[in-house]
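Numbering (the UniProt record's numbering), first residue to last: 1 to 241.
In what follows, a structure is listed as structure tokens, so that the remarks can point back to it.
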């Protein structure tokens, strides 16, 4: 388990420095792409982070975070294959059409901030990238379905693949954003700090399917929760509880 990240005077998390200043990298990327901001609040930070935090501020000074992995946790493929065939090839996890969105709605009604943290190793931040457009389309569809269950606020963090050419963020910046590292969590904490809020660690948790079990491809979700110092559950434990 790693220690909780140190914070600066203004409360934001201090990520390790990289060889190239992040502001310079982001400026280079901004001039090389048509735009770094997208419809429905989508935003690319360098090439190392995709996020959507356009939802209104959450109430209260202490924020309970209910965090979830995406693929294999909130959703699975409709086609039954491991990797999605397109942005519409998804369904809610499990055998029930309503169990997942009903659980998310219940959390919202209990005052939780819903956050998705997802590694997207096949997605590259580039306006001409089909994979990037598909990811945004899929998540917009997921949110649209959640909205039908009166879910009004969802934050999304995605860790994309480092592009092979063009201006890019550093290797270290990409690594820090990929679970089990907690760069995405630190960014969330910084955003909430800017809103004058703090995370309620005792009541926050993360649900993910990469738990180091025999059938799992890794333990990155479990380690992410441990590194962030929050409770962890598998989707089976959480949604079937």
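C-beta atoms are modelled at their ideal positions from N, C-alpha and C, and glycine is treated no differently.
Values in this document were obtained by computation on a predicted structure and should not be read as measured data.
Would you say residue i and residue j are within 8 angstroms of each other, going by their C-beta atoms?
{"i": "residue 111", "j": "residue 165", "result": "no"}
{"i": "residue 219", "j": "residue 235", "result": "no"}
{"i": "residue 115", "j": "residue 160", "result": "no"}
{"i": "residue 89", "j": "residue 79", "result": "yes"}
{"i": "residue 55", "j": "residue 191", "result": "no"}
{"i": "residue 223", "j": "residue 180", "result": "yes"}
{"i": "residue 206", "j": "residue 239", "result": "no"}
{"i": "residue 97", "j": "residue 66", "result": "no"}
{"i": "residue 61", "j": "residue 197", "result": "yes"}
{"i": "residue 128", "j": "residue 86", "result": "no"}
{"i": "residue 228", "j": "residue 185", "result": "yes"}
{"i": "residue 57", "j": "residue 195", "result": "yes"}
{"i": "residue 42", "j": "residue 136", "result": "yes"}
According to DSSP, simplified to helix, strand and coil, what is residue i?
{"i": "residue 96", "result": "coil"}
{"i": "residue 42", "result": "strand"}
{"i": "residue 74", "result": "coil"}
{"i": "residue 210", "result": "coil"}
{"i": "residue 109", "result": "helix"}
{"i": "residue 198", "result": "strand"}
{"i": "residue 55", "result": "coil"}
{"i": "residue 239", "result": "helix"}
{"i": "residue 25", "result": "Its pLDDT being 49, under 50, residue 25 is placed unreliably in this model, and the coordinates cannot settle the point."}
If I follow the unbroken alpha helix (DSSP H) through residue i, where does it start and stop?
{"i": "residue 207", "result": "First-last for residue 207: 205-207, but that is the beta strand (DSSP E), not the alpha helix (DSSP H)."}
{"i": "residue 232", "result": "Unbroken run through residue 232 is the beta strand (DSSP E), 231-233; no alpha helix (DSSP H)."}
{"i": "residue 192", "result": "183-194"}
{"i": "residue 227", "result": "220-228"}
Out of the options, state which residue places its alpha-carbon closest to the alpha-carbon of residue i.
{"i": "residue 119", "options": "206, 41, 69", "result": "69"}
{"i": "residue 47", "options": "81, 54, 102, 125", "result": "125"}
{"i": "residue 162", "options": "42, 43, 49, 41", "result": "49"}
{"i": "residue 147", "options": "182, 128, 100", "result": "100"}
{"i": "residue 94", "options": "137, 76, 86, 192", "result": "76"}
{"i": "residue 201", "options": "194, 81, 179, 230", "result": "230"}
{"i": "residue 140", "options": "174, 184, 51, 191", "result": "51"}
{"i": "residue 74", "options": "227, 133, 117", "result": "117"}
{"i": "residue 131", "options": "83, 178, 142, 97", "result": "83"}
{"i": "residue 149", "options": "199, 109, 171", "result": "109"}
{"i": "residue 188", "options": "237, 158, 167, 169", "result": "158"}
First and last residue of the beta strand (DSSP E) that includes residue i?
{"i": "residue 66", "result": "62-68"}
{"i": "residue 52", "result": "49-52"}
### Message
Suppose only complete runs of 3+ residues qualify. What are the beta strand (DSSP E) ranges in the segment 125-178, listed by chain order?
### Response
154-161
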